[in-house]
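Engineer:
Protein chains: 2
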Amino acid sequence: MSGQVLPSWNEGDARRAVLDFFDRVTSEGPDFVPVADRVAAFDNDGTLWVEQPLPPQFDFVFRRWAQEIKADPSMASQQPYKAIIEKDPAFFAGVATQDPPVIKSLLKAFARSWAGTSPAEFEAQVNEWLVTVEQPQLGVLYKDLVYQPMLELFDLLKANEFRVFVCSGGGRDFMRVFAEATWGIYKENVIGTAAEYTYVDGGMVPGEQVLGSLDLGPGKPEHIFAQTGRLPVFAGGNADVDIEMLESAKFALLVDHDDADREFAYTASAEASVAKAAELGWTVVSMKDDWNTIYGTLVDA
Amino acid sequence: MSGQVLPSWNEGDARRAVLDFFDRVTSEGPDFVPVADRVAAFDNDGTLWVEQPLPPQFDFVFRRWAQEIKADPSMASQQPYKAIIEKDPAFFAGVATQDPPVIKSLLKAFARSWAGTSPAEFEAQVNEWLVTVEQPQLGVLYKDLVYQPMLELFDLLKANEFRVFVCSGGGRDFMRVFAEATWGIYKENVIGTAAEYTYVDGGMVPGEQVLGSLDLGPGKPEHIFAQTGRLPVFAGGNADVDIEMLESAKFALLVDHDDADREFAYTASAEASVAKAAELGWTVVSMKDDWNTIYGTLVDA
Chain H
1 MSGQVLPSWN EGDARRAVLD FFDRVTSEGP DFVPVADRVA AFDNDGTLWV
51 EQPLPPQFDF VFRRWAQEIK ADPSMASQQP YKAIIEKDPA FFAGVATQDP
101 PVIKSLLKAF ARSWAGTSPA EFEAQVNEWL VTVEQPQLGV LYKDLVYQPM
151 LELFDLLKAN EFRVFVCSGG GRDFMRVFAE ATWGIYKENV IGTAAEYTYV
201 DGGMVPGEQV LGSLDLGPGK PEHIFAQTGR LPVFAGGNAD VDIEMLESAK
251 FALLVDHDDA DREFAYTASA EASVAKAAEL GWTVVSMKDD WNTIYGTLVD
301 A
Chain A
302 MSGQVLPSWN EGDARRAVLD FFDRVTSEGP DFVPVADRVA AFDNDGTLWV
352 EQPLPPQFDF VFRRWAQEIK ADPSMASQQP YKAIIEKDPA FFAGVATQDP
402 PVIKSLLKAF ARSWAGTSPA EFEAQVNEWL VTVEQPQLGV LYKDLVYQPM
452 LELFDLLKAN EFRVFVCSGG GRDFMRVFAE ATWGIYKENV IGTAAEYTYV
502 DGGMVPGEQV LGSLDLGPGK PEHIFAQTGR LPVFAGGNAD VDIEMLESAK
552 FALLVDHDDA DREFAYTASA EASVAKAAEL GWTVVSMKDD WNTIYGTLVD
602 A
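First to last, the protein sequences are chains H and A.
If you're matching positions, the first sequence starts at 1 in the numbering used here and goes up one per residue.
If you're matching positions, the second sequence starts at 302 in the numbering used here and goes up one per residue.
1) Mind listing which residues of the stretch 326-353 of chain A have their C-beta closer than 7 Å to chain H's C-betas, in chain order?
2) Quick one: what's got a C-beta closer than 7 Å to H/ASN127's C-beta in the same chain, skipping five residues either side?
3) Between A/THR568 and the rest of its own chain, which residues show a CB-CB distance below 6 Å, the 5 nearest in sequence each way excluded?
4) Mind listing the chain H neighbours of A/LYS488? Cutoff is C-beta to C-beta under 7 Å, in chain order.
5) Count Cβ pairs between the stretch 315-323 of chain A and the stretch 412-432 of chain A that sit closer than 8 Å; are there 3 or more?
6) Out of H/ILE85, H/THR228, H/LYS158, point me to the one whose CA is closest to H/GLN67's CA.
7) To test your reading of the DSSP string, which unbroken beta strand (DSSP E) runs of 3 or more residues are found completely within the stretch 544-580 of chain A?
8) Based on Cα-Cα distance, which residue from A/TYR498, A/GLU453, A/GLY513, A/MET476 lies nearest to A/ASN593?
9) Could you spell out where the beta strand (DSSP E) holding A/MET505 opens and where it closes?
10) Note down, in chain order, each residue of its chain lying with its Cβ closer than 8 Å to the Cβ of H/LEU216, except the 5 sequence neighbours on either side.
11) Answer with yes or no whether the minimum CB distance from A/GLU422 to chain H is below 8 Å.
12) What does H/PHE174 touch in chain A if you count any residue whose Cβ is under 7 Å from its own?
13) Given A/GLU435, which residues of its chain have a CB within under 7 Å of its CB, disregarding the five upstream and five downstream residues?
14) So H/GLU68 contacts chain A; which residues on that side make the cut at Cβ distance below 8 Å?
15) First and last residue of the beta strand (DSSP E) that includes H/VAL233?
16) Taking the alpha carbon of A/ILE525 as the point to measure from, which residue in H/LEU231, H/GLY203, H/VAL146, H/PRO56 has its own alpha carbon closest?
17) So, are the CB atoms of H/ALA90 and H/VAL233 less than 8 Å apart?
18) Just the Cα atoms here: how many angstroms apart are H/LEU145 and H/LYS250?
19) Anything in chain A within Cβ reach of H/PHE110, meaning under 8 Å, just list it in chain order.
20) List the whole-angstrom C-beta distance separating A/SER585 from A/ASP557, where the pair is believed to meet the contact cut-off of C-beta under 8 Å.
21) Tell me, please, whether the CB atom of A/LEU512 is closer than 8 Å to any CB atom in chain H?
22) Just to make sure I have the definition right: I need the residues of chain A whose C-beta is within less than 9 Å of the C-beta of H/ALA272. Which are they?
23) Along the alpha helix (DSSP H) that carries H/VAL146, what are the first and last residues, could you check?
24) With contact counted as at least three CB pairs below 8 Å, one residue from each stretch, are the stretch 325-340 of chain A and the stretch 457-467 of chain A in contact?
25) I'd like to check one pair, A/PRO354 with A/ASP346: are the Cβ atoms closer than 8 Å?
26) Just checking my contact of H/LYS276 with H/MET245 at CB under 8 Å: how many whole Å lie between their CB atoms?
27) So for A/THR499, helix, strand or coil by DSSP?
28) Any beta-carbon of chain A closer than 8 Å to the one on H/PRO218?
29) Tell me which residue opens and which closes the alpha helix (DSSP H) that A/ARG365 is part of.
30) Which one of A/PHE455, A/TRP415, A/PRO437, A/THR348 has the shortest CA to CA distance from A/ARG339?
31) Could you list the residues in the stretch 547-559 of chain A with a C-beta less than 8 Å from some C-beta on chain H, going in chain order?
32) With which residues is A/GLN436 paired in a DSSP beta bridge?
33) Between A/GLY597 and chain B, is the shortest Cβ-Cβ distance under 8 Å, so that the two count as touching?
34) In whole angstroms, what is the alpha-carbon distance linking A/GLY537 and H/PHE62?
35) Grouping DSSP H, G and I as helix and E and B as strand, with all else coil, what is H/MET1?
36) Contact check, A/PRO450 vs A/SER570 under 8 Å by CB: the rounded distance?
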């Protein structure tokens with residue numbers, strides 16, 4: 001392959017492993033993968049964009065709740081709002097690890113706040129947030145904190161006739177708002193935790209129940225299979241909640257957040273996945289060493 | 302457009318309406334549809350292939366149950382097996398109209414029979430059935446009873462940058478087995494009623510619960526929205542259970558089974574959709590008058 005692909009990736013084991021993968025699956029031989037099976041799946045938060053101090057969707061949601069609490073101060077004594085206001089460490093640890101009970105309490109509160117919101121209204125709210133709210137430490141819009149090397153990997157996957165899916169514990173409908181502009185994939189290629197909607201009077205109305213499992217841990221391959229009828233050939237993640245998805249793929253790529261200068265350095269919620277990577281021979285990407293550029297052209301963090 | 306498109310469609314109102322639709326949505330003007338929104342959705346049974354005397358999946362399922370009853374005759378006194386053996390008219394009317402309680406009893410029995418069957422085993426069973434079992438009146442494999450004019454319509458949709466989805470009350474996983482060879486669409490473009498699967502030891506295991514709603518009536522737009530994040534621009538169906546899907550689209554095409562010589566003539570379970578077509582100006586396709594060929598090149602029924 002020419003030096004034109006993956007320009008933001010430094011020469012090294014990770015880049016070599018990725019290029020070798022494409023050579024193997026597209027050439028006749030034991031590792032050849034038929035085009036129909038070429039499904040790739042990626043976590044979003046921490047894999048495709050910054051997830052510190054919290055996954056960006058929490059910023060979108062917490063702002064709404066702050067407005068609601070201002071209008072109705074009695075909410076401040078109820079959960080999950082109380083834990084958020086008090087910055088309860090146990091609660092935020094649960095958010096960071098995407099602990100199912102914490103996520104369920106958030107989903108319930110989310111369903112309450114957005115009950116009766118049409119998809120078009122929700123899309124307008126997310127779009128407004130995308131162009132106005134900056135990540136607090138970096139002072140940059142979240143949408144400009146997407147990792148350029150991963151977008152280049154998407155390009156390479158597409159060039160090799162892979163269909164790229166994003167599969168996140170976060171909200172399917174939240175991600176679908178910016179999937180097309182940001183990742184160049186259609187909404188149907190976005191998999192995530194989502195409400196069941198009901199068709200009423202020609203429109204879609206969100207309900208309180210989650211459709212299927214939470215898209216975390218084993219829920220990730222479950223959602224990918226439900227959406228695509230396959231398990232992925234290529235998968236990318238960065239955290240313990242991605243282990244089953246990475247395990248279910250032929251090639252697994254784990255992003256290691258070790259770049260305190262340009263992004264953040266942390267291993268919390270990724271300890272088990274790092275151990276799995278060593279055990280199963282996954283390709284670990286050091287953001288510090290393997291990527292010469294972190295963000296799109298807009299950011300100089 | 303050249304006369305090369307839709308060759309199995311006779312000149313007439315239906316063909317003209319379809320071609321006019323493509324002209325309008327792909328040209329600048331009030332009806333232009335951005336490429337990202339170009340989602341098309343089609344029912345399967347009776348829209349893409351023969352559904353008489355019963356949707357073909359019932360043949361696949363009932364054969365399995367016949368074997369099970371032979372091995373355990375006590376099943377013959379239990380529902381739904383008893384109704385099937387006795388050809389209970391109320392039960393079969395419920396099958397034809399895809400009555401939810403009847404479909405639910407079938408799904409429960411289906412889940413029992415295929416509990417623990419891996420996707421690969423299920424695929425092998427369906428593939429075996431596809432190449433061995435013939436439709437009883439026509440003496441032809443079901444897979445050769447796909448309507449050639451609809452395959453040409455798929456080609457035209459794809460040529461106009463539509464993504465084509467099949468959305469059937471029938472089994473998602475059943476259809477996914479032959480979607481790629483028959484319709485030229487990937488498994489992820491097949492939407493249907495489906496079990497929730499669990500990820501166990503690196504593989505997918507079907508459970509007893511249905512994921513989301515039955516893919517019938519309002520369940521069709523619900524499933525399409527869940528899968529794609531959109532409602533369809535173009536939809537095709539043939540029965541009352543397709544009304545909501547057709548209603549949710551900008552262009553709706555209703556297949557009228559009026560060809561007793563080449564296929565079957567019947568209006569049962571389509572009365573309300575025919576009335577809706579007149580009320581809302583849907584394009585009705587007369588199989589007898591609008592199609593000069595019904596099946597692919599293999600069939601001379």
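Built from N, CA and C at the ideal position, the CB exists for glycine as well.
Structural biologist: In short, the structure shows the following:
1) ALA337
2) Along the first sequence, read from residue 1 onward, the residue named residue 127 of chain H stands at position 127. Within the same chain, H/ASN127 has close Cβ partners VAL177.
3) One-based indexing of the second sequence puts residue 568 of chain A at position 267. Within the same chain, A/THR568 has no close Cβ partners at all.
4) Numbered from 1 along the second sequence, position 187 holds the residue referred to as residue 488 of chain A. What A/LYS488 touches in chain H: THR228, GLY229, ARG230.
5) no
6) Taking the first residue of the first sequence as 1, we reach residue 67 of chain H at position 67. Nearest option by C-alpha distance: H/ILE85.
7) 552-557
8) Locating residue 593 of chain A in the second sequence gives position 292, where the first residue counts as 1. It is A/GLU453 whose Cα lies nearest to the Cα of A/ASN593.
9) Here residue 505 of chain A refers to the residue found at position 204 of the second sequence. Residues 504-511.
10) Locating residue 216 of chain H in the first sequence gives position 216, counting from the first residue. Closer than 8 Å at the Cβ level, and outside the excluded window around H/LEU216, lie GLN98, PRO100, ILE103, GLY169, THR193, VAL241.
11) As a first step, residue 422 of chain A must be located in the second sequence, where it is residue number 121. Output row for A/GLU422: interface = no.
12) By one-based count along the first sequence, residue 174 of chain H stands at place 174. Residues of chain A whose Cβ lies closer than 7 Å to the Cβ of H/PHE174 do not exist; the shortest such Cβ separation is about 11 Å.
13) Translated into the one-based positions of the second sequence, residue 435 of chain A becomes position 134. These residues qualify, in order along the chain: VAL441, LEU442.
14) Reading the first sequence from its first residue, position 68 is the one you call residue 68 of chain H. Neighbours of H/GLU68 on chain A: none; closest Cβ ~26 Å, over 8 Å.
15) Residue numbering aside, residue 233 of chain H sits at position 233 when the first sequence is read from its first letter. Careful: H/VAL233 lies outside any beta strand (DSSP E) and carries neither H nor E.
16) The count along the second sequence starts at 1 and reaches residue 525 of chain A at position 224. Relative to A/ILE525, the option among H/LEU231, H/GLY203, H/VAL146, H/PRO56 whose CA is nearest is H/GLY203.
17) One-based indexing of the first sequence puts residue 90 of chain H at position 90. One-based indexing of the first sequence puts residue 233 of chain H at position 233. No. Outside cutoff.
18) Here residue 145 of chain H refers to the residue found at position 145 when the first sequence is read from its first residue. Here residue 250 of chain H refers to the residue found at position 250 when the first sequence is read from its first residue. In a straight line, the C-alpha of H/LEU145 is about 28 Å away from that of H/LYS250.
19) Taking the first sequence and counting its residues from 1, the one referred to as residue 110 of chain H is at position 110. The contacting residues do not exist; H/PHE110 stays about 17 Å from chain A at best.
20) Indexing the second sequence from 1 puts residue 585 of chain A at position 284. Indexing the second sequence from 1 puts residue 557 of chain A at position 256. The sequence as given places Val at residue 585 of chain A; Ser does not occur at that position. A/ASP557 and A/VAL585 do touch by the CB rule: their CB atoms are close to 5 Å apart, below 8 Å.
21) Your numbering for residue 512 of chain A matches position 211 in the second sequence. So yes, A/LEU512 belongs to the interface.
22) Taking the first sequence and counting its residues from 1, the one referred to as residue 272 of chain H is at position 272. What H/ALA272 touches in chain A: nothing, since even the nearest Cβ is about 16 Å away.
23) Here residue 146 of chain H refers to the residue found at position 146 when the first sequence is read from its first residue. Going by DSSP, H/VAL146 is part of no alpha helix (DSSP H) at all; its letter is neither H nor E.
24) With a cut-off of 8 Å on Cβ pairs, the stretch 325-340 of chain A is in contact with the stretch 457-467 of chain A, counting three or more such pairs.
25) Counted from its first residue, the second sequence places residue 346 of chain A at position 45. Counted from its first residue, the second sequence places residue 354 of chain A at position 53. No.
26) Taking the first sequence and counting its residues from 1, the one referred to as residue 276 of chain H is at position 276. Taking the first sequence and counting its residues from 1, the one referred to as residue 245 of chain H is at position 245. About 11 Å; that fails the 8 Å criterion.
27) Looking up residue 499 of chain A in the second sequence gives position 198. A/THR499 falls in the strand class under three-state DSSP.
28) Working through the first sequence from its first residue, we reach residue 218 of chain H at position 218. Yes, because at least one Cβ of chain A sits closer than 8 Å to the Cβ of H/PRO218.
29) Translated into the one-based positions of the second sequence, residue 365 of chain A becomes position 64. That run of the alpha helix (DSSP H) goes 357-372.
30) Counted from its first residue, the second sequence places residue 339 of chain A at position 38. It is A/PHE455.
31) Within the stretch 547-559 of chain A, the qualifying residues are GLU548, SER549.
32) Position 135 of the second sequence, counted from the start, is the residue given in the question as residue 436 of chain A. A/GLN436 is bridged to A/VAL441.
33) No chain B is part of this structure, whose protein chains are labelled H and A.
34) In the second sequence, residue 537 of chain A corresponds to position 236, counting from 1. In the first sequence, residue 62 of chain H corresponds to position 62, counting from 1. For A/GLY537 and H/PHE62, the distance between alpha carbons rounds to 42 Å.
35) Taking the first sequence and counting its residues from 1, one reaches residue 1 of chain H at position 1. Confidence at H/MET1 is low in this model, with a pLDDT of 44, below 50, so its placement is unreliable and the value that follows should be read with caution. Coil at H/MET1, not helix or strand.
36) Position 149 of the second sequence holds residue 450 of chain A. Position 269 of the second sequence holds residue 570 of chain A. About 21 Å; that fails the 8 Å criterion.
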